[in-house]
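Student: All letters in the sequence shown, in the order written, are residues 458 to 892 by the numbering used here.
All C-beta atoms in this analysis are idealised placements derived from N, C-alpha and C, irrespective of residue type, glycine included.
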Amino acid sequence: MKKQLILLFIFLFANLQAEEKNEKPDDSKNSENIEPQKDKESYQIMGDIDFSPYSGAQNLLTLHESLEKAFSYVIPHKQEKKAIYAILRILELGFVWGPLSRAEMVVQHEVFGHGYRIRDIGSSRAKVKGYQIDMPPPYGGGGGGTRYSFNSDLTSFQEIAISLAGVEASAILANRLKMKWMESLKLDARKASLYLQSHLDLTNYVLSMEDSFLFADTGHDIKSYIYWLNNTYYEDEITCSYLKEAAIVNFLDPMMYYSIGSFFYYIFTGKDIKIPMIDIKGVKFLPNLRLGLAPYGPECFLENFLSYKNRAIYSYVRFGNHSNNTFWGVGLEYPKLYEFNLNTIGFRADLFHQPKIYSKEAMTIFESIQVGYTPCELNEMIYGVSANIVYDRKFSKKSNISIFTEIGYKTDGYIPGFALEKGPIFRLGIGLCSF
């Protein structure tokens, strides 16, 4: 495996060096000391109902980009290939961007993951009491936690949703970062650590589990997920070893390996890498597989990230089977479908077929949580949809600043990053384009 990774890095580095030689040389000798302008990566400052993982991810990515700009202003970015600059870039990645990425991922996981799902369920059943965000390595342990209280109205389905919400939010952070890279078609090594940590958050949790456990309150999200899923779907229990095997699919993501390669390319050249993608008649795409968790069982995602005229497109198919229930979902997101004058309009649509998620009283209360539903209730399947319009309007032709909004509606059911129950979708913010 190590030999294969080394060969991958050598191939990637050689490919990028060849592309660099094919580019037209810059007439200015000083151009190597100036950070190149990225191609149309869009950033927003936004808010939405209950501050979802989508708003959290966009705001954290905007913060990260802002700090990159500020850092480059204070310490000018030089694309020198001398050894001293390579050493400085190693220190920069290890002591600035790596720790920052860890802190951002933990905030996303706790505040916009567990915290969001608790806010979504409502204070009448559960309420956040506080967060713990530790200093990231090498300055601290890098962990985090969400403290919350709940009453006996909370159902086992809702507790499962809270348990999985952290890794759900981390996956959305990786997704939003990937969408930005689909716009620029370049991978920023200073964000690569953020992608790796977010994408592998679930994998790290699953692989850190012991083969068995006795208590649900160990503080381990995935152990809690398994515990309450098995108490809900009592006729078909899943095990730690099953999830460990299923999580291996997360390594089938080309962007993960590109991110690792980007560290080496940035260290030795000071440049972002161009993302190798499959190109069919001007449409570039990059598929991947990953494991996801849902309140009714694990599911596999087949995702496809596309770029057409530097416009990002995301599509997915998700599917799974647990306790005699076969469930699936499909979705398409095209946020910049059509541009006219100062306006940009797009959409997102999702369709799913899945077991019903109950918020009603169960047959018994176990560990202060409503649990116990009949086999008929556990095998009841529902169809659901979600659709929203994405609209962005610039203030002027010369300005990169715009007003940004998403408006739509979702029916009952589970879509990562959305409310469990039916209701409106509304997001509002300021677009900053490539600031």
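1. If you follow the beta strand (DSSP E) that Gly841 is in, where does it begin and where does it stop?
2. Can you tell me whether Gln494 is buried or exposed? The criterion is at least 16 other CB atoms within 10 Å of its CB, across all chains shown.
3. Pull up the DSSP beta-bridge partners for Ala806, would you.
4. With DSSP run on the structure shown, which of helix, strand or coil describes Glu525?
5. Touching or not, the stretch 622-631 and the stretch 564-572, by the rule of three or more beta carbon pairs under 8 Å?
6. Within the stretch 609-653, note down every full alpha helix (DSSP H) run reaching 4 residues or more, in order along the chain.
7. Grab the span of the beta strand (DSSP E) containing Asn761 for me, first residue to last.
8. Go to Asn745, then tell me how far its alpha helix (DSSP H) extends in each direction, as first and last residue.
9. In three-state DSSP terms, what is Phe784?
10. Where does Lys584 sit, in a helix, a strand or coil, going by DSSP?
11. Three-state secondary structure (DSSP) at Ile737?
12. With a Cβ-Cβ cutoff of 9 Å, do Pro510 and Gly874 count as a contact?
13. Rounded to whole angstroms, what is the Cα-Cα separation between Gly504 and Thr868?
14. Our contact map puts Arg604 next to Lys586 with C-beta atoms below 8 Å; I'd like the distance itself, whole angstroms only.
15. For Ile619, count neighbouring Cβ atoms within 10 angstroms of its own Cβ and tell me buried if that reaches 16, exposed if not.
16. Do Asn632 and Tyr722 have their CB atoms nearer than 9 Å?
17. Applying the 10 Å Cβ sphere with the 16-neighbour rule, what's the burial state of Ser764?
18. For Pro593, which three-state DSSP category applies?
19. Any contact between the stretch 684-700 and the stretch 726-744? By contact I mean 3 or more CB pairs, one from each, below 8 Å.
20. What first and last residue would you give for the alpha helix (DSSP H) that runs through Lys867?
21. Short of 6 Å in beta carbon distance, which residues of its chain neighbour Asp849, apart from the five on each side in sequence? Order them along the chain.
22. Among the candidates Pro594, Lys680, Phe776, Ser606, whose CA atom is the shortest distance from the CA of Tyr588?
23. Which residue comes first and which comes last in the alpha helix (DSSP H) that contains Met666?
24. Ends of the alpha helix (DSSP H) at Phe725?
25. Can you tell me whether Asp484 is helix, strand or coil according to DSSP?
26. Name the one or two DSSP bridge partners that Ser883 has.
27. For the beta strand (DSSP E) containing Gly504, list its first residue and its last residue.
28. Pairing CB atoms from the stretch 632-645 with CB atoms from the stretch 576-583, are three or more of them under 8 Å?
29. Measure the alpha-carbon distance for Lys497 versus Asn857 and round it to whole angstroms.
30. Look at the alpha carbon of Arg574 and the alpha carbon of Gly602, and state the distance between them as a whole number of angstroms.
31. If you draw a straight line from the alpha carbon of Phe804 to that of Tyr652, how long is it in whole angstroms?
32. Is DSSP giving Thr974 helix, strand or coil here?
33. Should Lys793 and Arg768 be called a contact, given that it needs their Cβ atoms to be closer than 9 Å?
34. What number of angstroms, rounded off, separates the C-alpha of Leu644 from the C-alpha of Glu522?
35. Please state the DSSP three-state secondary structure of Phe875.
36. Is the CB-CB distance between Phe809 and Ile872 below 9 Å?
Tutor: According to the structure data:
1. Residues 838-851.
2. With a pLDDT of 47 at Gln494, under the threshold of 50, the modelled position of this residue cannot be trusted; read the value that follows with caution. Gln494 comes out exposed.
3. For Ala806, the beta-bridge partners assigned by DSSP are Leu789, Ala844.
4. Note: Glu525 maps to helix in three-state DSSP.
5. Yes: at least three Cβ pairs fall under 8 Å.
6. For the stretch 609-653, the full-length alpha helix (DSSP H) segments reaching 4 residues or more read 613-641 along the chain.
7. Residues 754-765.
8. Per DSSP, Asn745 belongs to no alpha helix (DSSP H); it is in the beta strand (DSSP E), 740-751.
9. Note: Phe784 maps to strand in three-state DSSP.
10. Three-state result, Lys584: strand.
11. In this structure, Ile737 counts as strand in the three-state DSSP scheme.
12. Contact flag set, yes.
13. CA-to-CA, the gap between Gly504 and Thr868 works out to about 21 Å.
14. Confirmed, Cβ separation roughly 4 Å.
15. If you draw a 10 Å sphere on the C-beta of Ile619, you find 16 or more other C-beta atoms in it, and that means buried.
16. Remark: C-beta atoms of Asn632 and Tyr722 do not approach each other more closely than 9 Å.
17. Counting the other CB atoms within 10 Å of its CB gives Ser764 a total of 16 or more, which places it among the buried residues.
18. Assignment of Pro593 by DSSP, reduced to helix, strand and coil, places it in the coil class.
19. No: the two stretches stay apart, fewer than three of their Cβ pairs being nearer than 8 Å.
20. For Lys867, there is no enclosing alpha helix (DSSP H); the enclosing beta strand (DSSP E) has its first and last residue at 859-867.
21. Only Thr801, Ser859, Phe861, Gly888 meet the Cβ criterion.
22. With distances taken between Cα atoms, Tyr588 lies closest to Ser606.
23. Counting along the chain, Met666 sits inside no alpha helix (DSSP H), nor does DSSP assign it H or E at all.
24. Its alpha helix (DSSP H) spans residues 711-726.
25. Bear in mind that the predicted position of Asp484 carries a pLDDT of just 41, short of 50, making it unreliable; the figure below should be weighed with that in mind. Coil.
26. According to the sequence provided, residue 883 is Phe. The question's Ser does not apply to it. The secondary-structure analysis by DSSP pairs Phe883 across a beta bridge with Ile864.
27. Looking at the DSSP string, the run of the beta strand (DSSP E) that includes Gly504 is 500-505.
28. With a cut-off of 8 Å, the stretch 576-583 and the stretch 632-645 do not count as touching, because too few Cβ pairs lie within range.
29. So the alpha carbons of these two residues sit roughly 10 Å apart.
30. Taking the Cα positions, Arg574 is about 14 Å away from Gly602.
31. Going from the Cα of Phe804 to the Cα of Tyr652 covers about 24 Å.
32. Because the chain spans 458 through 892 in this model, residue 974 falls outside it and cannot be assessed.
33. Yes, the pair counts as a contact, with Cβ atoms nearer than the cut-off.
34. For Leu644 and Glu522, the distance between alpha carbons rounds to 13 Å.
35. In this structure, Phe875 counts as coil in the three-state DSSP scheme.
36. Contact check for Phe809 against Ile872 passes: the beta carbons are separated by less than 9 Å.
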